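Structure, as structure tokens:
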């Protein structure tokens, strides 16, 4: 059994050479919660829909659960909650789940138990026999989530799964994702709500204008921008004027009773002892050192800006 | 595939168009029954010789021919309206996404839709045919009842129910290729060409005008549903290439009978449309 549930090689889905996603090469480890981050229109949903065989790739290849995408086998153990969740509104919640359960090949007796369980899991118990027509957006998203979980999938694609939910619903979904991960399932989470992703994802991929900028364990990715917060006393103007070359940025965060808290951005994490030594040598009293953890938003912005910078340079070269 | 057939049934029954069609069909059958009852009472009171018998025969076949034509028209409309959006509207609304994201081959999805729609329309058109013939036989009584054998009824019914099935095949092809509105317009125009072409061909045969007959043949090749109705009436009234049939059945009867080759062409047309629909649907992005 492969360690990856998804592997893609230069996978592209373009519409007349534009938009969509382009040359995506990534691996999603089994049992991870993989956050696919990108702005609106970055190509996140296009990628997911291509993986599920709803769109035909224009280039590249991909394997899902060991089978080439587009094949029936690749979708056997997959659950999907689409971003644009629309279900036949003339069905009741239970009827919808019954039809899906039948398509998943569940027997009549299994269906009853499984439907009861998933309805309970997504917080729809007691409302499942009402017509979808009368459901709020949030309830429709919950019943969609129940649909995605029906087949006890190994891989679950959740495309903006909390877009229609209230804060309590969002918390419940986050808890559900964590529970599914604990059961060994892989979650592919598409979202642009970075704060939400941060609390549940262990791996991320950042997509920008259809291209994958970076992917990997998100805590490792956050190390690309080593920052420390230093609370100092007696920082001379001389020190401020001659900051070491490995300090790429230095910002005053706050001042309080003669102490100043600074945020230092370094070119690499290993420079921290050297910086501290230099500061002490220059006569600064170091009161507090805090290694700053990057938020997912900061990581995302860092990589997107890097990509934009590269694109700008390439653009200029082309003009020259 | 069976779950898709089931959901197609459910969808069709839940649609307002289906309920309206059923109600209007009942209203039409009641009207047809009342007209037949009055006509048979009127005819029953008439006295006369062979002229009168001939008149009764003409009147009964014309009335039933008219009823069957309108019945086939309603069936065609139901077939078009219920099937033309069956793929396209689900793609447009993204309802199809969660179905196709399952381990379900696309051809099974499409064939499931076909199975559901076609079987439902076969039931509907059989009931419509049985209703019209039943009224003719029992309400028309000994005066207006058309003399038909069981074999004739089944043969006629076969062609009658085949028409909506062919329509569903073409409708699914259009639904796989284009939007609901575009597909609906194209199909209604094709159906219109077919039935206008059918009338033109019958008139051409009566007056011996080969140009009119050729127009009819071309329109039948373009969309062969009218030829199925003509074959249905030929089977029921036992008339083929009979100039008298126009006099006895009027414009809804058949003076120019479609050939066996035309019937084979019609079958091929339907099968080809369905296979093409599968192929197009498998290749398209949803």
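Protein chains in written order, with my numbering: chain A, 9 to 328; chain B, 181 to 466.
Backbone N, C-alpha and C fix where the C-beta goes; we use that ideal spot for every residue, glycine too.
All values derive from a computational prediction rather than experimental measurement.
1. At least one CB of chain B closer than 8 Å to the CB of residue 80 of chain A: is that the case?
2. Within 8 Å (strictly less), CB to CB, does residue 285 of chain B reach chain A?
3. Taking a cut of 7 Å between CB atoms, which residues from the segment 343 to 361 of chain B lie near chain A?
4. Of all the options A/271, A/177, A/13, which has the alpha carbon lying nearest to the alpha carbon of residue 85 of chain A?
5. Relative to the C-alpha of residue 294 of chain B, which candidate in B/439, B/406, B/189, B/442 has its C-alpha closest?
6. Just how far apart, CA to CA, sit residue 223 of chain B and residue 311 of chain B?
7. Please report the distance separating the alpha-carbon of residue 43 of chain A from that of residue 398 of chain B.
8. Quick test of your reading: residue 146 of chain A and residue 186 of chain A, contact by CB under 8 Å. State the CB separation rounded to the nearest angstrom.
9. Rounded to the nearest angstrom, how far is the Cβ of residue 209 of chain B from that of residue 263 of chain B, given a contact under 8 Å?
10. What residue from B/360, B/329, B/355, B/406 has the CA that sits closest to residue 376 of chain B's CA?
11. Given this structure, state the Cα-to-Cα distance separating residue 294 of chain A from residue 236 of chain A, to the nearest angstrom.
12. Within 8 Å, do at least three Cβ pairs link the segment 359 to 370 of chain B to the segment 336 to 344 of chain B?
13. Do you know how far the Cα of residue 444 of chain B is from the Cα of residue 355 of chain B?
14. At a CB distance below 7 Å, what residues from the segment 288 to 312 of chain B approach chain A? Give them in sequence order.
15. Classify residue 218 of chain B: buried if its beta carbon has 16 or more other beta carbons within 10 angstroms, exposed otherwise.
16. Would you say residue 475 of chain B and residue 450 of chain B are within 8 Å of each other, going by their C-beta atoms?
17. What does the Cβ neighbour count give for residue 3 of chain A, buried or exposed, with the cut at 16 atoms within 10 Å?
18. The alpha helix (DSSP H) with residue 167 of chain A in it runs from where to where?
19. Give the straight-line distance between the Cα atoms of residue 186 of chain B and residue 392 of chain B, rounded to the nearest whole angstrom.
20. Going by C-alpha distance, which of A/73, A/287, A/230 is nearest residue 194 of chain A?
21. Near residue 152 of chain A, what residues of its chain come up, given a Cβ to Cβ distance below 8 Å and the 5 sequence neighbours on each side ignored?
22. Closest by CA to residue 252 of chain B, which one among B/361, B/308, B/299, B/303?
23. Using a cut-off of 7 Å between C-beta atoms, extract the partners of residue 187 of chain B located in chain A.
24. Check the Cβ-Cβ distances between residue 266 of chain B and every residue of chain A, and say whether any is below 8 Å.
25. Just by C-beta distance, which residues in the segment 149 to 163 of chain A are closer than 7 Å to chain B?
26. Under a three-way DSSP split, which group does residue 139 of chain A fall into?
27. Tell me, to the nearest whole angstrom, how far the beta carbon of residue 300 of chain A is from that of residue 198 of chain A; I am working on the premise that it is less than 8 Å.
28. Is residue 263 of chain A near residue 241 of chain A, with beta carbons less than 8 Å apart?
29. Could you name the residues of chain B that residue 95 of chain A contacts, counting a contact when the two beta carbons are closer than 8 Å?
30. Given 8 Å as the limit, is there contact between the segment 14 to 34 of chain A and the segment 59 to 77 of chain A, that is, 3 or more CB pairs closer than that?
31. Is there a C-beta anywhere in chain A that falls below 8 Å from the one on residue 214 of chain B?
32. What residue range does the alpha helix (DSSP H) around residue 287 of chain B cover?
33. Report all residues from its chain with a CB closer than 7 Å to the CB of residue 344 of chain A; omit the five preceding and five following residues, and keep chain order.
34. Does the beta-carbon of residue 329 of chain B have 16 or more other beta-carbons within 10 angstroms, so that it is buried, or is it exposed?
35. For the alpha helix (DSSP H) containing residue 412 of chain B, list its first residue and its last residue.
36. Measure the beta-carbon distance from residue 271 of chain A to residue 206 of chain A and round it to whole angstroms, keeping in mind my assumption that it falls under 8 Å.
From the atom records:
1. yes
2. yes
3. none
4. A/13
5. B/189
6. 22 Å
7. 59 Å
8. Contact doesn't hold; Cβ gap of about 20 Å is too wide.
9. In fact, because the Cβ distance is near 23 Å, the residues do not count as touching under 8 Å.
10. B/406
11. 12 Å
12. no
13. 25 Å
14. none
15. exposed
16. Any answer about residue 475 of chain B is impossible in this case: the structure gives chain B only from 181 up to 466.
17. Residue 3 of chain A falls outside the range modelled here, since chain A spans only 9 to 328, and no answer is possible.
18. Element bounds for residue 167 of chain A: not the alpha helix (DSSP H) but the beta strand (DSSP E), 163 to 167.
19. 45 Å
20. A/73
21. 89, 90, 93, 95
22. B/308
23. 107
24. no
25. 155
26. strand
27. With a Cβ gap of about 28 Å, residue 300 of chain A and residue 198 of chain A do not count as contacting.
28. no
29. 275, 278
30. yes
31. no
32. 286 to 314
33. No answer is possible for residue 344 of chain A: the residues shown for chain A start at 9 and end at 328.
34. exposed
35. 405 to 417
36. Going by Cβ atoms, the distance from residue 271 of chain A to residue 206 of chain A rounds to 20 Å, so no, they are not a contact pair.
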